[in-house]
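2 is the number of the first residue of the sequence shown in my numbering; add one for each residue after it. Even for Gly, the Cβ is constructed at its ideal location relative to N, Cα and C. None of the values given here were measured: they were computed from a predicted structure.
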Amino acid sequence: MRLYIHVPFCSKKCAYCAFYSLPLEEGAPGEKRIAGYAASLLREVSLRGEHLGRIPVKTVFFGGGTPSLLSGTIIGDIMRMIRACFLLTDNAEISAEANPDSALNDGWLFAARAAGVNRLSFGVQSFDDAVLRLLGRPHGARAAHAAFESARMAGFTNISIDLMWGLPGPPPYAQTQVQWLRQLKLATELKPEHIAAYGFTLEPASPLEKMYAGGGLSLPKEKELASMYLAGAEYLESRGYMQYEISNYARMGFMCRHNLAYWEGEEYLGLGPAAVSTIGDKRWTNAADLGEWQKAVTDGIPASSAEDLNEEAKAREMLMLRLRMNKGLPLKDWRQRIGRSAASACEPLIAVLQKNGLAAVRSGHLRLTRPGMLVSDTILSHFFARLEEG
Numbered sequence: 002m003r004l005y006i007h008v009p010f011c012s013k014k015c016a017y018c019a020f021y022s023l024p025l026e027e028g029a030p031g032e033k034r035i036a037g038y039a040a041s042l043l044r045e046v047s048l049r050g051e052h053l054g055r056i057p058v059k060t061v062f063f064g065g066g067t068p069s070l071l072s073g074t075i076i077g078d079i080m081r082m083i084r085a086c087f088l089l090t091d092n093a094e095i096s097a098e099a100n101p102d103s104a105l106n107d108g109w110l111f112a113a114r115a116a117g118v119n120r121l122s123f124g125v126q127s128f129d130d131a132v133l134r135l136l137g138r139p140h141g142a143r144a145a146h147a148a149f150e151s152a153r154m155a156g157f158t159n160i161s162i163d164l165m166w167g168l169p170g171p172p173p174y175a176q177t178q179v180q181w182l183r184q185l186k187l188a189t190e191l192k193p194e195h196i197a198a199y200g201f202t203l204e205p206a207s208p209l210e211k212m213y214a215g216g217g218l219s220l221p222k223e224k225e226l227a228s229m230y231l232a233g234a235e236y237l238e239s240r241g242y243m244q245y246e247i248s249n250y251a252r253m254g255f256m257c258r259h260n261l262a263y264w265e266g267e268e269y270l271g272l273g274p275a276a277v278s279t280i281g282d283k284r285w286t287n288a289a290d291l292g293e294w295q296k297a298v299t300d301g302i303p304a305s306s307a308e309d310l311n312e313e314a315k316a317r318e319m320l321m322l323r324l325r326m327n328k329g330l331p332l333k334d335w336r337q338r339i340g341r342s343a344a345s346a347c348e349p350l351i352a353v354l355q356k357n358g359l360a361a362v363r364s365g366h367l368r369l370t371r372p373g374m375l376v377s378d379t380i381l382s383h384f385f386a387r388l389e390e391g
């Protein structure tokens, strides 16, 4: 099983963010809020451990929000509780997302390493200070470089850098392919083990969406977006980063094991407000509100909503997740799960995708080509339409 811990706090809300997160007050009020969160989280770990038994856990992922706002002491307390309630494997991957600014505070990197974190994911997003200001990021390019170098000094040998491409700008400007490749050059010069390159999304009701609606923001054209994605992937592979998922690249042996488990359909337990869990045929979501979640944990009932996953739902999810990966969709397993009629309805679509160079079938796996990955959402919508017909 995999364990995800949602840390809902941020120093401030980014202008593009749609995740559940809360700006954290400075000083004593913020410290009190974190202490209350940590106490509830420890209780939730205990409750889940009692319910599930001391089952093996292969990866732990602190996500958010900004996990680097938790002190090393609190992370250590959480890890000790996890070890007490679950069987943490000897080679477990323990990841934490971190913002460069908070990672540089008060020896956090050394404390996190001592607490057991062995993989960092830095939310850099860009090395351009003007772009960072537009995105509402709390750090600058200099802090990103300093945090990375400090992480190496603290003993981290598995570091990921998160970047965004297809970024907006003040009219009539928006990110170009040349600018994106410049960002990748700056990232690869640091020699991280992993790079996550996500396409920018204009989230509904976000500050940037409102700015765009008012004419105060420009986005790259579709043709420019396509060239950015394809050229970026080619550049990263030329620098030794293998693409293993639509948005993720790694040096040999450094793929994110936690995220791979999601895409391959393994079970995972989510802890903290808004965290999602999928175990067996059940999926549930914790309350997306700090106070509601804390009350539920106190009452001993952490889940706020649950759903049953039948074989059809699992097959649809398998299609959606496996096609994100270079490894692709195992057709034999998928056909058995989705059923003969539905699988047959998709065969003409698979043939069309292959004919147009958007997919290939190799070693029994349907794999999207890089141009196919670029339009994966459209391809999936066609698959789902065929499944409805079948």
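Item                                                                                                                                                           : Value
Suppose contacts are defined by Cβ-Cβ distances below 8 Å. Is Ala-113 in contact with Ala-97 by that definition?                                               : yes
Excluding the 5 residues flanking Gly-156 on each side, which residues of the same chain have their C-beta closer than 7 Å to its C-beta?                      : Arg-114
Please report the distance separating the alpha-carbon of Val-277 from that of Arg-284.                                                                        : 7 Å
CB-CB under 7 Å to Val-132, same chain, minus the five flanking residues each way: which ones, in chain order?                                                 : Leu-168
Would you mind reading off the limits of the beta strand (DSSP E) that contains Gly-65?                                                                        : 57–65
Taking the runs of the alpha helix (DSSP H) that are 4 residues or longer, which of them lie wholly in the segment 148–209?                                    : 178–190
Just verifying my parser: in three-state terms, what is the DSSP assignment at Arg-252?                                                                        : coil
Would DSSP call Phe-20 helix, strand or coil?                                                                                                                  : coil
How far does the alpha helix (DSSP H) with Ser-382 in it reach, from first residue to last?                                                                    : 377–390
Distance, Cα to Cα, Arg-34 vs Glu-389?                                                                                                                         : 47 Å
State the Cα-Cα distance for the pair Gly-202 and Gly-301, rounded to the nearest angstrom.                                                                    : In the sequence on display, residue 202 carries Thr and not Gly. In a straight line, the C-alpha of Thr-202 is about 37 Å away from that of Gly-301.
Between Leu-135, Asn-159, Ser-103, Pro-171, which has its C-alpha nearest Ala-147's C-alpha?                                                                   : Ser-103
Helix, strand or coil: how does DSSP classify Lys-283 here?                                                                                                    : strand
Considering only the beta carbon of each residue, do Gly-373 and Leu-354 sit closer than 8 Å?                                                                  : yes
May I have the straight-line CA-CA distance separating Arg-3 from Thr-286, to the nearest angstrom?                                                            : 16 Å
Beta-carbon within less than 8 Å of Thr-90's beta-carbon, same chain only, minus the 5 sequence neighbours each way: which residues are those?                 : Pro-57, Val-58, Lys-59
In the DSSP assignment, find the beta strand (DSSP E) that holds Ser-398 and state where it starts and stops.                                                  : Any answer about residue 398 is impossible in this case: the structure gives the chain only from 2 up to 391.
Please state whether DSSP places Cys-11 in a helix, a strand or coil.                                                                                          : strand
So Ser-122 is in the beta strand (DSSP E); what residue range does that whole segment cover?                                                                   : 120–126
Sorted by chain position, which residues of the same chain lie with C-beta nearer than 8 Å to Ser-12's C-beta, five sequence neighbours on each side aside?    : Pro-24, Leu-25, Thr-67, Leu-70, Asn-100, Asp-102, Ser-103, Pro-139
How long is the line joining the alpha carbons of Ala-316 and Leu-187, rounded to whole angstroms?                                                             : 40 Å
Starting from Arg-336, trace the alpha helix (DSSP H) both ways and give me its first and last residue.                                                        : 332–339
Taking 8 Å as the threshold (C-beta atoms), are Leu-191 and Ala-152 in contact?                                                                                : no
Measure the alpha-carbon distance for Pro-9 versus Asp-130 and round it to whole angstroms.                                                                    : 25 Å
Within 10 angstroms of its Cβ, does Pro-221 collect 16 or more other Cβ (buried), or is it exposed?                                                            : buried
Take Asp-290 and list the residues in its own chain whose beta-carbon comes closer than 7 Å to its own, dropping the five residues that flank it on each side. : Pro-274
So, at 8 Å on beta carbons, what are the nonlocal neighbours of Leu-231 in its own chain, with the 5 sequence-adjacent residues on each side left out?         : Arg-371, Pro-372, Leu-375
Work out the CA separation of Asp-334 and Cys-1 for me, nearest whole Å.                                                                                       : Residue coverage of the chain in this structure runs from 2 to 391, which leaves residue 1 outside it and unanswerable.
Look up His-366 in the DSSP assignment and give the residues it is bridged to.                                                                                 : Pro-331, Arg-363
Compute the distance between the beta-carbons of Gly-329 and Leu-359, then report whether it is under 8 Å.                                                     : no
So, at 6 Å on beta carbons, what are the nonlocal neighbours of Phe-149 in its own chain, with the 5 sequence-adjacent residues on each side left out?         : Leu-191
Check for me: the alpha helix (DSSP H) holding Leu-42 runs from which residue to which?                                                                        : 29–53
Within a Cβ cutoff of 8 Å, which residues of the same chain sit near Gly-65, ignoring the five residues on either side of it in sequence?                      : His-7, Val-8, Pro-9, Phe-10, Cys-11, Phe-20, Ser-22, Glu-98
So the beta strand (DSSP E) Glu-246 belongs to, where does it begin and stop?                                                                                  : 243–246
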